[in-house]
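In mature numbering (1 follows the signal peptide of the UniProt record, and there is no 0), the protein residues as written are -26 to -1, 1 to 91. Ideal Cβ placement from N, Cα and C applies to all residues, glycine included. Quick caveat: nothing in here was measured; it's all calculated off a predicted structure. Just below is one structure, and these are the notes that go with it.
Printed below as a string of structure tokens:
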């Protein structure tokens, strides 16, 4: 289950990598968690996908403007999800698409964040 949680974090990190304008400040893990926190209940199968979750995913995608930002987001998501229980891997992999966010790579706990561009 912790691995599934990591996938949720990964999925969100993926959003960051997909589209990104330039940001002057580096993205922090705290910001990543804040953007995606509202997605956790859905990722655990405890309700429907919310507008707040999609808003967070879109905001994270917009905030991850550089390769280092996207790699930070990916790593943060993986480590955060690893500590969560009950995360459904298939559910998190579909969050970006359901939120209208295009992700150029699969959302998976096996993603090598150092290779995220």
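- Taking each of 6, 1, 15, 38 in turn and checking the Cα distance to residue 59, the smallest one comes out for 15.
- Beyond the five residues adjoining it in sequence on each side, residue 26 comes within less than 8 Å, by CB distance, of 12 in the same chain, given in chain order.
- When DSSP states are grouped into helix, strand and coil, residue 45 belongs to the helix group.
- Between residue 8 and the set 21, 22, 35, the nearest pair of CA atoms involves 35.
- CA-to-CA, the gap between residue 38 and residue 85 works out to about 17 Å.
- The Cβ atoms of residue 6 and residue 73 do not sit closer than 9 Å to each other.
- Assignment of residue 68 by DSSP, reduced to helix, strand and coil, places it in the helix class.
- Residue 46 and residue 40 have their C-alpha atoms spaced approximately 10 Å apart.
- Nearest to residue 89 by C-alpha distance, out of 69, 48, 67, is 48.
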